[in-house]
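Asker: Let me give you the structure first, and then I'll get to my questions.
2 protein chains.
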Amino acid sequence: MKFGGTSVADLERIRRVARLVAAEAATRPVAVVVSAMAGKTNELVAWTDAAGPAAESLGLSDDEYDTVVASGEQVTAGLLAMTLRNMGIPARSWLGWQIPILTDAAHGRARIDEIPAEALTAAIDGGEVAVIAGFQGVTREGRLTTLGRGGSDTTAVALAAAVKAAVCDIYTDVDGVYTTDPRIESRARRLKKISYEEMLEMASLGAKVLHTRSVEMAMAHGVPVRVLSSFVEPGEGQGPDVGTLVCEEEEIMEKRIVSGVTFSRDEAKISLFGLPDHPGVSSRLFGPLAEANVNVDMIVQSHARAEGAANMEFTVGKRDAARAVEIVRAAQAEIGFADLSVDEDVAKVSVIGVGMRSHAGVAKTMFGALAEKGVNIQVISTSEIKISVLIDAAYTELAVRALHAAYGLDQV
Amino acid sequence: MKFGGTSVADLERIRRVARLVAAEAATRPVAVVVSAMAGKTNELVAWTDAAGPAAESLGLSDDEYDTVVASGEQVTAGLLAMTLRNMGIPARSWLGWQIPILTDAAHGRARIDEIPAEALTAAIDGGEVAVIAGFQGVTREGRLTTLGRGGSDTTAVALAAAVKAAVCDIYTDVDGVYTTDPRIESRARRLKKISYEEMLEMASLGAKVLHTRSVEMAMAHGVPVRVLSSFVEPGEGQGPDVGTLVCEEEEIMEKRIVSGVTFSRDEAKISLFGLPDHPGVSSRLFGPLAEANVNVDMIVQSHARAEGAANMEFTVGKRDAARAVEIVRAAQAEIGFADLSVDEDVAKVSVIGVGMRSHAGVAKTMFGALAEKGVNIQVISTSEIKISVLIDAAYTELAVRALHAAYGLDQV
């Protein structure tokens, strides 16, 4: 069971979590992963910001950042263990270094190397609820690390794999994974099951439920992950029809062609005009961007009417847009383009489904539905199980609803 | 160098501490011990209180209390290390378990067993400022512990012993140890040096500067401890005439007969009347009190005029008074006293000095000075290097000033 910061924001909510854990522990062995109390991580991060970066000669202070920030989850783990004992449930807290959750030394965004879980497993087998501080680990040299974005979910999945758990339940503020965002399409339905591959695409393409990192890890280790609401009643979380199970494709009986529609407004489109139409242009353009860690997503190249000249459009994350433009302009002479424009007023809308592999006509349905509503498609990119289109951001909701209906996702 | 919670209460004060450390580190290798930011420990303790005691079958939750509370010092250590690096000073934080500071498993009031300081010493020798989280340790089983009252001072002294430091500087809100409390006697003078034995008596008898525990440890390991103000200017702390050095008696050239006058209003006097005057009464009286962990301090027995009957007076800490009375009353038949009274309106005033060992007349001076001011002495107790008297609390300041003058402590 994994609970995020909002679920453990104060003592009252920690008691609520304890009741959920108690109901679960009455029927099977349980390990719980907790985040820091909501707001605490921000407070700690603000302090590290105020302490300032290390002098240049000393490199980064990311190891000390981790030492400070990891204290947040430590507090929650101790408090939840105490609360469980107060209810008569044997429990103890486990900090990352106590298990240990061994990571590399990439402080602030460490990756888990190995979890020698013998002691932890023995404690759980002995009937004790293990309350684990999420988001943190330790290097082989004994320095604290934090896992970065999606860290607590990743801790939960990695531990579920390490202790060979039957399922990893991620308690969150939504009651499962939906066919699309219910705030935009009220007819969105909760999916009972979704495959790892689809979940991974959904997470990459805008669904905020699970971080891609934890889904990747679940897929790699075959850990069934269930997304469910932390507002269920104690005991209810064990029901068969609660939440969404993220699992192997083979376990999903009822196959759908398309499982969900996602969107993201975090995109910016950069267009280059009048490029020389000869080999090597792409590498001269995208090489420097890759070196600067700017992630380029969709790319389309088109031949301009003027002979020997092409146009190129590509998207980057909105927060990288200014930097990307700077880099591209700096290399203007080398790349040889005539003009450049940036459009931040775009959205990426995607349809995702493993059924695409075996069904033709998915793209046709998509383009038809958008055309019918007058939505112009600027860029298209596809993978085996998804199609994404870049459109004018003003059409986002319209496009999402049109696609949701076109694939019959609103039919119960 | 050790800094308490007030000295590291916010980022600005942590920067001030960093400047003090930087000035020191420019001239010699430095290790720094820090407490939690003022207020943080209280917040953490309040949360553990709200989490509640463990169900009876599960014993205490003191191990989880320690896990939660130890996070406070962890945050300060990380922030100070970052701040030092920001100033270009190589530094790293060391948590209790990272050194490790090995303690017993008496959670909440653990005692240090051993500090294998090889790694810490190597880091310090390598030119790095070691920033150590005070107040915490770890059991051999890898569970976090806290040291209880006076814990951070004790960490500092124990580490000074482990790394064979030349001196352990305790930065505090006063600039040293005074001949008496300057708030009561403006002519009180700062002592340049004081022996461990005198400091120990002073700490036991009301001086709040250092906790007895850290002084005991300093005495046991021969660690010179200096008490000085955290409001000194950077660099000034290295001056020869700053603060008070607590050291071996032999190192104090200028011997004094009396070094200081202390007082404590935390006493209560319990009087028993009409006790049978035969052997065994004392053990029947004090046995049950000892069993209940009530610390009995001063004791005086006097024969009443009625043949075969005696009176007994003794003092206990004010917070133990009600419990002590309850225990004594419950044993009234067995002890056989006729009547009992409690007086909480008393104060213990003490004069302390190693010179008493070789000088007669110290008590005579004390009693004379008090008599001259009309202060009635209720109970007297003595040790080799101190004399304490119990008086009416209303006379406290008068008595302190009279004794301060009588031993010439106000003479520069």
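Protein chains in written order, with the working numbering: chain S, 10 to 421; chain F, 10 to 421. Where a beta carbon is used, it is the ideal one built from N, C-alpha and C, also for glycine. Bear in mind that the values here come from a model prediction, so they are computed numbers and not experimental data.
#1: Tell me whether the beta-carbon of His220/F lies closer than 8 Å to the beta-carbon of Gly159/F.
#2: What does Arg118/F touch in chain S if you count any residue whose Cβ is under 9 Å from its own?
#3: With burial defined as no fewer than 16 other Cβ atoms inside 10 Å of the residue's Cβ, what is the status of Ala277/F: buried or exposed?
#4: Please look up how many angstroms separate the CB atoms of Ala64/F and Met96/S, rounded, as I've assumed it's under 8 Å.
#5: Quick one: give me the first and last residue of the beta strand (DSSP E) that Arg235/S is part of.
#6: Got a sec: is the Cβ-Cβ distance from Asn95/F to anything in chain S below 8 Å?
#7: Could you give the DSSP three-state label for Asn51/S: helix, strand or coil?
#8: Which class does Gln310/F belong to by DSSP, given the choice of helix, strand or coil?
#9: Do the region 268–276 of chain S and the region 188–203 of chain S make contact, defined as three or more Cβ pairs closer than 8 Å?
#10: With respect to the alpha helix (DSSP H) encompassing Trp83/S, which residues constitute its N-terminal and C-terminal limits?
#11: Extract the residue ranges of the beta strand (DSSP E) inside the region 91–173 of chain S, only unbroken runs of 3 or more that lie entirely within it.
#12: Please classify Ser66/S: is it buried, with 16 or more other beta-carbons within 10 angstroms of its beta-carbon, or exposed?
#13: Going along chain S, which residues have a C-beta under 7 Å from Ser102/F?
#14: Any beta carbon from chain S within less than 8 Å of Gln107/F's own beta carbon?
#15: Pull the bridge partners of Glu300/S from the DSSP assignment, please.
#16: Who does Val278/F pair with in a DSSP beta bridge?
#17: Give the DSSP-derived three-state secondary structure of Ser223/S in the structure shown.
#18: Which one of Val138/S, Arg118/S, Thr163/S, Ala170/S has the shortest CA to CA distance from Pro125/S?
#19: Compare the C-beta of Val26/F with all C-beta atoms of chain S and state if any pair is closer than 8 Å.
#20: Across the region 367–378 of chain S and the region 143–161 of chain S, are there enough close Cβ pairs to call them in contact, namely three or more that are closer than 8 Å?
#21: Here's a check: name, in chain order, each residue in its chain whose Cβ is nearer than 6 Å to the Cβ of Met211/F, leaving out the five neighbours to either side.
#22: What first and last residue would you give for the beta strand (DSSP E) that runs through Leu399/S?
#23: So, helix, strand or coil for Arg199/S, using DSSP?
#24: Determine the burial state of Ala174/F: buried for a count of at least 16 other Cβ atoms within 10 Å of its Cβ, exposed for fewer.
#25: Looking at the unbroken alpha helix (DSSP H) that takes in Leu209/F, where does it start and where does it end?
#26: Between the region 240–250 of chain S and the region 305–325 of chain S, do three or more beta carbon pairs fall short of 8 Å?
#27: For my contact list, Thr163/F and Arg222/F are in at a C-beta cut-off of 8 Å; report their separation, rounded to the angstrom.
#28: For Ile386/F, I'd like the list of residues in its chain whose CB is within less than 8 Å of its CB, leaving aside the five on either flank, ordered along the chain.
#29: Do you know how far the Cα of Val39/F is from the Cα of Leu407/F?
#30: Indicate the three-state DSSP secondary structure (helix, strand or coil) for Phe346/F in the structure shown.
#31: Residues in the region 109–139 of chain S with C-beta within 8 Å of chain F's C-beta atoms, listed in sequence order?
#32: Please look up how many angstroms separate the CB atoms of Asp122/F and Asp134/F, rounded, as I've assumed it's under 8 Å.
#33: Give the range of the beta strand (DSSP E) segment to which Ala40/F is assigned.
#34: List, in order along the chain, the chain S residues whose C-beta lies closer than 8 Å to that of Leu53/F?
#35: Thinking just about the alpha-carbon of each residue, which of Tyr404/S, Leu200/S, Ala369/S, Leu284/S is nearest to the one in Gly345/S?
#36: Which partner residues does Ala319/F have in the DSSP bridge list?
Answerer: In short:
#1: yes
#2: Those do not exist, as Arg118/F stays about 17 Å from chain S at its closest Cβ, beyond 9 Å.
#3: buried
#4: 7 Å
#5: Where Arg235/S is concerned, the enclosing beta strand (DSSP E) stretches over 234–238.
#6: Closer than 8 Å: yes.
#7: helix
#8: strand
#9: yes
#10: A quick correction: the sequence has Gln, not Trp, at residue 83/S. Segment 80–95, the alpha helix (DSSP H) holding Gln83/S.
#11: 100–103, 121–123, 138–142, 145–147, 153–155
#12: exposed
#13: Glu73, Thr76
#14: yes
#15: BP columns for Glu300/S are empty, so no partner.
#16: The identity of residue 278/F in the sequence shown is Lys, whereas the question assumes Val. BP columns for Lys278/F point to Thr324/F, Asp352/F.
#17: helix
#18: Ala170/S
#19: Output row for Val26/F: interface = no.
#20: no
#21: So the list reads Gly269, Thr271, Ile361, once near-sequence residues are dropped.
#22: 395–401
#23: strand
#24: buried
#25: Per DSSP, Leu209/F is one residue of the alpha helix (DSSP H) stretching across 205–213.
#26: no
#27: 5 Å
#28: Phe376, Leu379, Val398, Leu399, Ile400
#29: Straight-line Cα distance between these residues: approximately 44 Å.
#30: DSSP places Phe346/F in coil when its eight states are reduced to three.
#31: none
#32: Not confirmed; about 24 Å, so no contact.
#33: Residues 40–43.
#34: Residues of chain S passing the Cβ test: Val84.
#35: Check the Cα spacing between Gly345/S and each of Tyr404/S, Leu200/S, Ala369/S, Leu284/S: the tightest is with Leu284/S.
#36: Among the bridge pairs identified by DSSP, Ala319/F is matched with Leu284/F, His312/F.
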